[in-house]
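Numbering (this note's numbering), first residue to last: 255 to 331. Heads up, the beta-carbon is just placed ideally off N, CA and C, and yes, glycines get one too. Read through the structure below, which is laid out as structure tokens, and then see the notes.
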């Protein structure tokens, strides 16, 4: 996914809840920066809920693309 994808589009595409995002980011790249808390290098990753997100491409300290993998939801008992 392109880093410039809007966070609203990301939420809709991945069927997430907007209330789970508690930061002031407006793009997928901004969200990744917020979660990682630093400017990442390609290959760095993080987990968010049932998502595993890997930074695919970085140019001039900008996240160009991300790979988002969706894991099955675990039943809460």
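Based on the DSSP secondary-structure assignment, which residues constitute the bridge partners of residue i?
{"i": "residue 296", "result": "DSSP output for residue 296 lists no bridge partner at all."}
{"i": "residue 305", "result": "302 and 324"}
Run through DSSP, which three-state label would residue i get?
{"i": "residue 310", "result": "strand"}
Is it the case that the Cβ atoms of residue i and residue j are separated by a distance below 8 Å?
{"i": "residue 299", "j": "residue 312", "result": "no"}
Short of 6 Å in beta carbon distance, which residues of its chain neighbour residue i, apart from the five on each side in sequence? Order them along the chain.
{"i": "residue 264", "result": "282"}
Residues in the same chain with beta-carbon distance under 7 Å from residue i, minus the five sequence neighbours each way, listed in chain order, please.
{"i": "residue 302", "result": "289"}
Grab me the residues of residue i's own chain with a C-beta within less than 8 Å of its C-beta, minus the 5 sequence neighbours each way, in chain order.
{"i": "residue 261", "result": "275, 279, 280, 281, 282, 284 and 285"}
{"i": "residue 296", "result": "309, 310, 311 and 312"}
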